[in-house]
């Protein structure tokens, strides 16, 4: 049952959360994870003891800022809580980040120690550190997350364990779990949505958190761990539903970082699964609004948070989860955070019940179904420089980036149907040539951000008086004319572009890309998932004791 705004438990930070749960339910299972070939269950008492022991080691080390290559394992979670308890500044990094990018990010966050899934990886990354004399002086409680986007625009957002609790505690009370629930944590902990809603949500509610087995198992973890709740991004939900990979015990799905089609929502409802949406940003420590009723897109503002709309509909936020700013980027901070109010760049509206609905984006970026972002100014600049034209715009078609151009080989507005079909055929051939010219550029982009199609608008792109492309008009026209474009392509007997298109995606490979770019082995579309029953704990295994708990793969 949802408690009132004045009744929920608000924790001040990670330390208070662990202390409270250890005191009130010491022998309840906090975390469950696979170690070797057996399932291990860690009680709050054991988890607290693990944290204390490792925190003591970290205090003695004299280190001040730890970069954590977050693989989502128990050792990773323990290191996070221990580093926080020891007063270290923490920088959360995604395991999918390339080595050359890590070489830039580690010095930027002033890391002087690294935790990685293996000792070998930790040693290699330690060689990339360039700690300053004296270390970080005011890092206690700070947890840095990088905004998801293109490399040049990724910035470290300064959050704290207190801001994370300020965000997750009200949302957890509005969409509560119980100690009888199991929350599956399968999203990357290097992203704030994965940490807040994939892990902390369950911890705050006293539920058991099942730590996923990694990107290779993201599609089979639901059947393996049998959760009652799970947090997902839209593209993951799409796969899980389409392949019937959700376990029958599942009751609640929390969706963040994007929208879902009505078809998928209905499919979940037909399975008896309740779907809720959450809205939030890295800058707000994740959730600021969450749906609690029958309409998943109608989200109530989280208690303690204030959301207002600017005259142009931009969402303005203030509240307890607000970031301190972008790390060492005061000018960037000042551009979006004004007198404690975050100017999100998102557009929204309130319905008659006071619920928030997200209607679009004001910022020049696209949000992909996996939650990653394409920052359009630099993305389109690379395209324009390669093609030698600015008569183009990138929009989304079925969640995939499509290049729309107004100066391809021919226009489709010729008088006869045959001429129009020929025009589309010529434009389609030109589109293939464009993709070939861009292949070198796209090799440097993450796979999820690569263009999948080139479309001829048939006229000059609509622009404002100042010459800026009116992207929303391009998007609207593409959506309205898609059937016409598809039919004309068929009539012109044009072959498909070299890359898969938004109209006809390529057959999915055996290895699909999971949300954060982690390669995940996925069952074939026409086959059932491999028989993978939940692992039964051995008879002698009850709760992991403080002395029996898993040791971290690397101590530094």
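Residue numbers (this note's numbering): 80 to 635.
Every residue, glycine too, gets a C-beta built ideally from N, C-alpha and C.
My assumption, with CB atoms under 8 Å, is that residue i sits in contact with residue j. Please give the rounded CB distance.
| i | j | result |
| --- | --- | --- |
| residue 396 | residue 367 | 6 Å |
| residue 359 | residue 268 | Not confirmed; about 16 Å, so no contact. |
| residue 281 | residue 316 | About 18 Å; that fails the 8 Å criterion. |
| residue 540 | residue 476 | 16 Å between Cβ atoms; not a contact. |
| residue 533 | residue 520 | Contact doesn't hold; Cβ gap of about 13 Å is too wide. |
| residue 184 | residue 169 | The pair is not a contact, with the Cβ atoms about 13 Å apart (cut-off 8 Å). |
| residue 402 | residue 288 | Actually they do not touch by this definition, with Cβ atoms about 24 Å apart. |
| residue 321 | residue 298 | So it is not a contact: roughly 11 Å between Cβ atoms. |
| residue 130 | residue 120 | With 8 Å as the limit, residue 130 and residue 120 do not qualify as a contact, their Cβ atoms being about 17 Å apart. |
| residue 233 | residue 226 | 6 Å |
Is residue i helix, strand or coil when you go by DSSP?
| i | result |
| --- | --- |
| residue 480 | strand |
| residue 278 | helix |
| residue 93 | helix |
| residue 496 | In this prediction, residue 496 has a pLDDT of 48, which is less than 50 and means its spatial position is unreliable; what the coordinates show is noted afterwards. Looking at residue 496 - three-state DSSP - the assignment turns out to be helix. |
| residue 87 | coil |
| residue 593 | The predicted position of residue 593 is uncertain, since its pLDDT is 39 and thus under 50; a value taken from the coordinates is nonetheless stated next. Looking at residue 593 - three-state DSSP - the assignment turns out to be coil, as it is neither helix nor strand. |
| residue 529 | coil |
| residue 104 | coil |
| residue 205 | helix |
| residue 284 | helix |
| residue 378 | strand |
| residue 130 | helix |
| residue 654 | For residue 654 there is no data in the structure shown, the boundaries of the chain being 80 and 635. |
| residue 99 | helix |
| residue 559 | helix |
| residue 325 | coil |
| residue 363 | helix |
| residue 266 | coil |
| residue 579 | Residue confidence is low: residue 579 scores 40 on pLDDT, short of 50, so the model does not pin down where it sits. Its coordinate-derived value is still stated next. Looking at residue 579 - three-state DSSP - the assignment turns out to be coil, as it is neither helix nor strand. |
| residue 223 | strand |
| residue 125 | helix |
| residue 514 | helix |
| residue 138 | helix |
Within the continuous alpha helix (DSSP H) that includes residue i, where are the two ends?
| i | result |
| --- | --- |
| residue 431 | Element bounds for residue 431: n/a, residue is neither H nor E. |
| residue 161 | 153-164 |
| residue 535 | Where residue 535 is concerned, there is no enclosing alpha helix (DSSP H), although the beta strand (DSSP E) it sits in stretches over 532-535. |
| residue 345 | 341-349 |
| residue 314 | 313-321 |
| residue 406 | It is not in any alpha helix (DSSP H) - residue 406 carries neither H nor E in the DSSP assignment. |
| residue 443 | Neither: residue 443 is in no alpha helix (DSSP H) and is coded neither H nor E. |
| residue 173 | Unbroken run through residue 173 is the beta strand (DSSP E), 168-173; no alpha helix (DSSP H). |
| residue 248 | 240-253 |
| residue 303 | 300-304 |
| residue 465 | 455-466 |
| residue 181 | 178-187 |
Which residue marks the beginning of the beta strand (DSSP E) containing residue i, and which one marks its end?
| i | result |
| --- | --- |
| residue 120 | 117-122 |
| residue 145 | 144-149 |
| residue 108 | 108-114 |
| residue 400 | Run containing residue 400: none; DSSP gives neither H nor E here. |
| residue 332 | 331-334 |
Using a threshold of 8 Å, state whether the C-beta atoms of residue i and residue j are closer than that.
| i | j | result |
| --- | --- | --- |
| residue 100 | residue 123 | yes |
| residue 361 | residue 271 | yes |
| residue 195 | residue 204 | yes |
| residue 713 | residue 265 | No answer is possible for residue 713: it lies beyond the span of the chain, which begins at 80 and ends at 635. |
| residue 145 | residue 181 | no |
| residue 335 | residue 276 | yes |
| residue 478 | residue 447 | yes |
| residue 251 | residue 364 | no |
| residue 214 | residue 164 | no |
| residue 527 | residue 465 | no |
| residue 426 | residue 441 | yes |
| residue 153 | residue 112 | yes |
DSSP puts residue i in a beta bridge; with which residues?
| i | result |
| --- | --- |
| residue 508 | DSSP output for residue 508 lists no bridge partner at all. |
| residue 427 | 437 |
| residue 194 | 147 |
| residue 472 | 483 |
| residue 357 | 369 |
| residue 553 | According to DSSP, which records beta bridges pairwise, residue 553 is partnered with nothing at all. |
| residue 385 | 397 |
| residue 310 | 333 |
| residue 421 | 396, 416 |
| residue 538 | Looking at the DSSP assignment, residue 538 forms no beta bridge with any residue, so it has no partner. |
| residue 261 | 287 |
| residue 236 | 224, 405 |
The ligand GTP and residue i: does any heavy atom of the ligand fall closer than 7 Å to the residue's C-beta?
| i | result |
| --- | --- |
| residue 98 | The ligand GTP is not among the ligands present in this structure, which contains no ligands whatsoever. |
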